[in-house]
Amino acid sequence: MDAALPRARASARWDKNKGLLSWLTTVDHKRLGILYMYTTFFFFLIGGIMALLVRVQLAEPQNKFLTPSQYNQIFTMHGTTMIFLWIIPVFSGFGNYLVPLMIGARDMAFPRINAMSYWLIPLGGLTMYAGFLFGGTGEAGWTGYVPLTEKQYNPQVGQDLWILGLHTLGISSMLGGINFLVTLHNMRAKGMTWFRLPLFCWAQEVTQGLVVLASPFLAGALLMVLLDRQAGATFFAVNHGGNALLYQLIFWFYSHPAVYIMVLPAFGIVSEVIPVFSRKPIFGYRAMAYSMSAIAVLGFIVFVHHMFVTGLPVYVQTFFSATSMIIGVPTGVKIFNWAATLWGGSIRYDTPMLYAVGFLLLFLVGGVDGVYLGSLAVDYSLHGTYWVVGHIHYVLFGGSVFGVFAGIYYWFPKMTGRFLNEFLGKLQFWVMFIGMNLAFMPMHVLGLLGMPRRISTYADEKGWGNWNSAVTMGAFLIAASVAIFMINFFISMRSPKNAPADPWEGDTLEWATTSPPVKHNFDVVPEVRSSRPVRDMRRAARKVRA
2 MDAALPRARA SARWDKNKGL LSWLTTVDHK RLGILYMYTT FFFFLIGGIM
52 ALLVRVQLAE PQNKFLTPSQ YNQIFTMHGT TMIFLWIIPV FSGFGNYLVP
102 LMIGARDMAF PRINAMSYWL IPLGGLTMYA GFLFGGTGEA GWTGYVPLTE
152 KQYNPQVGQD LWILGLHTLG ISSMLGGINF LVTLHNMRAK GMTWFRLPLF
202 CWAQEVTQGL VVLASPFLAG ALLMVLLDRQ AGATFFAVNH GGNALLYQLI
252 FWFYSHPAVY IMVLPAFGIV SEVIPVFSRK PIFGYRAMAY SMSAIAVLGF
302 IVFVHHMFVT GLPVYVQTFF SATSMIIGVP TGVKIFNWAA TLWGGSIRYD
352 TPMLYAVGFL LLFLVGGVDG VYLGSLAVDY SLHGTYWVVG HIHYVLFGGS
402 VFGVFAGIYY WFPKMTGRFL NEFLGKLQFW VMFIGMNLAF MPMHVLGLLG
452 MPRRISTYAD EKGWGNWNSA VTMGAFLIAA SVAIFMINFF ISMRSPKNAP
502 ADPWEGDTLE WATTSPPVKH NFDVVPEVRS SRPVRDMRRA ARKVRA
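The opening residue of the sequence shown carries number 2 in the numbering used here; numbering runs sequentially from there.
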């Protein structure tokens, strides 16, 4: 056992300020994690409102609810917000709170850099949204394709603010990524070898490695666009010798790994939830860790499948079609291992487990319909249609967002000392599950019927109206489920703190401290002897009592 840290000395070290000022100036990883979650959830609500506006516009043919320019701006900011201001940073919030607790550390390696990483997120978000105050924000979609972002087609300053905001968020991600990697490599408790590390920490290790390696490519592409717009450069100006496809190549070299940046942390959360509520250890621990690493490596050699219709040589397309199929192998390993963990387990379907199982089902659909898009012949027909929109939402909503809610319900007692209401939690799950399928499954049908992405209206004779109405109803059901969660949250926060240190009988070190944890995390950090240290502690305690 490590020597105990005296509480008086711990309080003097961690209690610097009081009240609101203590939150604004904090470098405590737990408080920063909570700030991440509050901030990103706020942006999630804004992005959700924008999604509803988009769906109202598309609910019926020839709708005039939004002008084409308004639609493009809202559509652009919806995608940008959900990816860069919600999914990516909310998992950094989970990581900030949980990684030091899971590895037996007192804090992150660089607490002040950690605080800087957080404060850059609202700054980046406000920078992008400031475009609405200056005649409109970007209108080129979340991908920012050229020539749509070139100044002659998109002259408003909002497009430049969109680029600067993304740069700010990228700096935040890279600083945070370095901090996570140093923490995981250098601050693990005694006895915590790599193959005793919780799978959520493995997911963070792989994710943050992707962030550090991939983010500079997006920064470079956006800088080139900004120089084209403001400094007279011609990187992408075709009529001056530039190459518009160069942007797509650089962008997708970041953005396909970014899909795994958004999904791998959810893999980690689900890998913690399923064993606990199945009362079994995870099946194939090492295979799970290796498969996450394999996904990260393969993520850099599949990105061209986003560009099959751009006229690339057939042998290039064939290679990337093959790699797009191969990446399904390590993902399939994870699906089978989760299923094997469930098989024969004493399963408790509490709300965290419902979201974990929902994640498995929905992410599986997203993965399978993505395999279709990896086929050249199919992609030629479906590229640029609503099939792709349905696919990405099954991956990022059915995968990432369901993973987020699994994590919220699982670790809420640890973070707050309170339980979320089980009835409201299960009601939220079923409303969200039904709404999600009603919203995104018909998009596949619309894609097969030929409805293009990014259009603000369509003719009645296309026959898309009823399907779009169903999608809009599903979107409002999702909104209702989020409202249920907010009601649940506010009710629960008014209830007394009654959560014990280990309410679920978990396996990992965060359950060895109080709920919520003391400021210094642990009075005594236990020595780790397996990948399930808290279970070992419970067994040892039972032997002592016997």
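All residues carry an ideal CB built from backbone N, CA and C; glycine is no exception.
The model shown is predicted, which means the values in this text are computed figures rather than measured ones.
Proximity winner among the options, relative to residue i (alpha-carbon distances)
i: residue 479; options: 46, 116 and 291; result: 46
i: residue 457; options: 145, 224 and 55; result: 55
i: residue 345; options: 101, 276 and 143; result: 276
i: residue 110; options: 498, 123, 80 and 28; result: 28
i: residue 304; options: 289, 291, 328 and 227; result: 328
i: residue 174; options: 136, 145, 122 and 372; result: 122
i: residue 202; options: 218, 217 and 182; result: 182
i: residue 411; options: 502, 90, 322 and 471; result: 502
i: residue 150; options: 58, 370, 235 and 293; result: 235
i: residue 291; options: 471, 200, 243 and 517; result: 200
i: residue 106; options: 510, 172, 495 and 230; result: 510
i: residue 137; options: 359, 163 and 144; result: 163
i: residue 425; options: 438, 539, 197 and 352; result: 352
i: residue 165; options: 113, 516, 309 and 128; result: 128
i: residue 421; options: 294, 194 and 496; result: 496
i: residue 218; options: 358, 390, 252 and 349; result: 252
i: residue 168; options: 86, 93, 116 and 247; result: 86
Under the three-state DSSP convention, the category residue i falls into
i: residue 546; result: helix
i: residue 417; result: helix
i: residue 453; result: strand
i: residue 3; result: Residue confidence for residue 3 is low, a pLDDT of 48 falling below 50, so the modelled location carries little weight; the figure read from the coordinates is stated next. Coil.
i: residue 386; result: strand
i: residue 40; result: helix
i: residue 509; result: coil
i: residue 138; result: strand
i: residue 294; result: helix
i: residue 340; result: helix
i: residue 1; result: An answer regarding residue 1 cannot be provided, because it is not within the stretch 2 to 547 covered by the chain.
i: residue 1; result: Past the edges of the chain, shown from 2 to 547, lies residue 1, and the structure says nothing about it.
i: residue 63; result: coil
i: residue 55; result: helix
i: residue 532; result: coil
i: residue 283; result: coil
i: residue 331; result: helix
i: residue 32; result: helix
i: residue 9; result: Any reading at residue 9 must be qualified, since the residue scores a pLDDT of 46, below 50, and its modelled position is unreliable; the value itself is stated next. Looking at residue 9 - three-state DSSP - the assignment turns out to be helix.
i: residue 378; result: helix
i: residue 311; result: helix
i: residue 517; result: coil
Counted within 10 angstroms of its Cβ, other Cβ atoms place residue i as buried (16 or more) or exposed
i: residue 140; result: buried
i: residue 186; result: exposed
i: residue 232; result: exposed
i: residue 270; result: buried
i: residue 387; result: buried
i: residue 395; result: buried
i: residue 9; result: The predicted model places residue 9 with a pLDDT of 46, which falls under 50 and marks its position as unreliable; any figure quoted below should be read in that light. Result: exposed.
i: residue 492; result: exposed
i: residue 499; result: exposed
i: residue 4; result: Legend: pLDDT at residue 4 = 45, less than 50; position of this residue unreliable, value from coordinates given subsequently. By the 10 Å Cβ count, residue 4 comes out exposed.
i: residue 26; result: exposed
i: residue 178; result: buried
i: residue 79; result: buried
i: residue 74; result: buried
i: residue 431; result: exposed
i: residue 65; result: exposed
i: residue 100; result: buried
i: residue 337; result: exposed
i: residue 135; result: exposed
i: residue 267; result: buried
i: residue 243; result: buried
i: residue 461; result: exposed
Residue i CB to nearest heavy atom of the ligand NAD below 6 Å
i: residue 321; result: Annotation note on the ligand NAD: not contained in the displayed structure, which lists no ligands.
Bounding residues of the alpha helix (DSSP H) (the contiguous stretch that carries residue i)
i: residue 206; result: 200-231
i: residue 70; result: 69-81
i: residue 103; result: 89-104
i: residue 521; result: No alpha helix (DSSP H) contains residue 521, which DSSP labels as neither H nor E.
i: residue 356; result: 352-375
i: residue 485; result: 466-494
i: residue 326; result: 315-327
i: residue 278; result: 245-279
i: residue 130; result: 112-130
i: residue 20; result: 20-25
Please go through the segment 151-187 and give each complete alpha helix (DSSP H) segment of 4 or more residues, from N-terminal end onward. 158-187
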